[in-house]
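Report on the structure given below.
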Amino acid sequence: MSKDIFSKRRNLNKNNFLKIFLGVLAIIILLLGGIKVVTMIGCNLANKASINKEQKEQEKVIKPNPDDVMPRMNITYEADKYSVDAKDVQAMANDTYKGEGKYVFLTFDDGPSNSTEKILNILKDKNVHGTFFVLGSSIEKDSKRQEYLKEELKSGNAIANHSYSHDFKKLYPGNKLKIDSFMDEFNKTNDIMKSILGGEFDCKVLRMPGGYGTRKYYKDPSLKEFDDTLQENGIINVDWNALDGDAEGKPYSTEEMLNYVKKTSKGKNHVVILMHDAAGKEKTVEILPQIIDYYKNEGYKFKVIKNTSKEENNSNQSENNKDK
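This is the structure we're talking about:
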């Protein structure tokens with residue numbers, strides 16, 4: 375009987391030992407597992423924190439200032455909010471645009487000059503913007519004009535190309551478009567602008583001196599080849615469908631000029647106004663506040679013209695080929 379009791383005690387001790395061993399083992403496993411889980415959670419949190427920190431640092435580096443030039447564009451990031459694709463504006467100027475809304479584009483040719491500063495101040499005071507079609511030869515005249523160019527862009531306006539010389543004898547000898555000379559002037563003016571505005575700047579918006587419509591009127595035989603050249607280079611020419619008459623060669627009064635703007639834009643929801651900021655265009659400076667007020671009262675939104683993407687340009691037939 376004593377043997378049975380001893381045997382039972384021994385078995386009980388074994389069972390207790392086994393239970394204790396298994397219990398301790400389970401605790402060790404749980405502890406190790408917990409440590410691993412905690413470690414993994416800690417690593418994940420650390421990784422997330424590191425990623426978030428990197429993202430924030432990248433955002434700080436990448437986030438541009440509103441007055442920075444958009445890469446390969448003719449406007450700033452701020453101006454992009456109220457810009458319209460040049461392809462659409464081309465159609466508006468040709469009175470073929472089918473879109474909605476009431477837009478007006480204040481465009482100024484032949485600058486910069488001393489008139490430019492006054493125009494920029496008016497635009498700023500009225501809280502509107504325009505598109506400046508500049509001449510390379512005018513930019514090169516002095517450092518003051520180069521500062522005007524910088525201010526045009528920085529203050530939220532668009533910059534476009536109006537050739538280098540504006541010399542019809544060089545661009546249209548014998549009243550025929552000389553494509554090589556024209557493109558040389560376009561590229562030269564672009565290079566000048568880039569040297570002043572920075573390498574990110576690029577302009578693909580053109581207004582031909584005298585306008586594309588004049589070349590059509592004279593049935594210029596080089597137009598088809600010129601259209602192909604523009605399309606290959608992603609360049610869009612934009613004419614106008616309203617004007618103040620400051621280049622008509624007539625002695626208009628300021629009242630007559632204002633009425634001319636109203637007359638030429640009557641009944642149009644999309645208006646591209648031709649004006650000039652060259653020297654001697656003081657009357658345009660004088661009536662500009664009234665022009666702006668008129669279109670504000672008529673419910674128009676003021677827009678600027680930006681580059682068209684090359685892909686979009688190539689996928690569309692040039693609006694220049696459509697009759698006005």
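Here the sequence shown is numbered in this note's numbering, starting from 375 and rising by one per residue. In this text, a Cβ means the ideal position worked out from N, Cα and C, and glycines have one as well.
So Thr470 is in the alpha helix (DSSP H); what residue range does that whole segment cover?
DSSP places Thr470 in no alpha helix (DSSP H); its state is neither H nor E.
For Ser539, three-class secondary structure by DSSP
Under the three-state reduction of DSSP output, Ser539 falls in the coil class, being neither helix nor strand.
Quick one: is Ile402 buried, meaning 16 or more other Cβ sit within 10 Å of its Cβ, or exposed?
Of the residues assessed, Ile402 falls on the exposed side of the cut-off, its CB having fewer than 16 other CB atoms within 10 angstroms.
Let me confirm a value: Asp516 is counted as buried when at least 16 other C-beta atoms fall within 10 Å, else exposed. Which label applies?
So Asp516 ends up on the exposed side.
Are the C-beta of Ser487 and some C-beta of chain C separated by less than 7 Å?
In the structure shown, chain C does not exist; there is a single protein chain.
If you reduce the DSSP assignment to three classes, tell me which class Thr450 lands in.
Looking at Thr450 - three-state DSSP - the assignment turns out to be strand.
If I measure Cβ to Cβ from Gly572 and keep anything under 7 Å in the same chain, skipping five residues before and after, which residues do I get?
Closer than 7 Å at Cβ, skipping near neighbours: Val443.
To the nearest angstrom, how far is the alpha carbon of Leu487 from that of Ile513?
Residue identity check: residue 487 is Ser in the sequence provided, not Leu. Rounded to whole angstroms, Ser487 to Ile513 spans 8 Å at the Cα level.
Report the rounded CA-to-CA distance for Lys636 versus Thr603, giving the unit in angstroms.
Spanning the two alpha carbons is a distance of roughly 35 Å.
Do you know offhand how far Asn690's Cα is from Lys590's?
Reliability fails at Asn690, whose pLDDT of 44 lies under 50, so the model's placement of it is uncertain and the value that follows must be treated cautiously. Straight across, the Cα-Cα distance linking Asn690 with Lys590 is about 20 Å.
Please identify the residue among Glu574, Glu606, Val502 and Lys640 whose C-alpha is closest to the C-alpha of Tyr456.
Distances from the CA of Tyr456 to each of Glu574, Glu606, Val502 and Lys640 were compared; the closest alpha carbon is that of Val502.
In this structure, how does DSSP classify Gly573 when only helix, strand and coil are distinguished?
In this structure, DSSP gives Gly573 a state outside helix and strand, which the three-state scheme calls coil.
Given 8 Å, three or more beta-carbon pairs between the region 517 to 524 and the region 545 to 558:
The answer is no - the region 545 to 558 does not touch the region 517 to 524, with fewer than three Cβ pairs under 8 Å.
Quick one: using the 10 Å Cβ neighbour count with 16 as the cut-off for buried, is Pro438 buried or exposed?
Counting every other CB atom within 10 Å of its CB across the protein chains shown gives Pro438 a total below 16, marking it as exposed.
What does Ile496 pair with, by DSSP beta-bridge criteria?
DSSP lists no bridge partner for Ile496.
I'd like the list of long-range same chain contacts for Thr682, defined as Cβ closer than 6 Å, with 5 residues on each side in sequence excluded.
Closer than 6 Å at Cβ, skipping near neighbours: Asp459, Ala460, Lys461 and Ile610.
Exposed or buried, Gln664, counting other C-beta atoms within 10 Å across all chains shown (16 or more means buried)?
Exposed is the call here.
For Gly504, three-class secondary structure by DSSP
Gly504: strand per DSSP, three-state reduction.
Does DSSP put Leu527 in a helix, in a strand, or in coil?
Helix at Leu527.
Could you check the C-alpha separation between Lys670 and Phe560 for me, to the nearest Å?
For Lys670 and Phe560, the distance between alpha carbons rounds to 34 Å.
Counterpart residues of Ser555 in DSSP-defined beta bridges:
None; Ser555 has no bridge partner.
For Lys679: DSSP bridge partner residues
Reading the sequence as shown, one finds Ile at residue 679 and not Lys. Residue pairing for Ile679: DSSP places it in a beta bridge opposite Val458.
Is it buried or exposed, Lys640, if we count other Cβ atoms within 10 angstroms and call 16 or more buried?
By the 10 Å Cβ count, Lys640 comes out exposed.
Span separating the alpha-carbon of Asn549 from that of Gly623:
Roughly 20 Å between the two C-alpha positions.
Since Tyr669 is in the alpha helix (DSSP H), which residue starts that stretch and which ends it?
Residues Glu656 to Asn671.
Identified DSSP bridge partners for Ile353:
One cannot answer for residue 353 here, as it falls past the ends of the chain, which runs 375 to 698.
Checking 7 Å against the spacing of the C-beta atoms, do Lys472 and Gly510 come in under that value?
Taking 7 Å as the Cβ cut-off, Lys472 and Gly510 do not qualify as a contacting pair.
At what residues does the alpha helix (DSSP H) containing Gly587 begin and finish?
From DSSP, the alpha helix (DSSP H) with Gly587 extends over Tyr586 to Tyr591.
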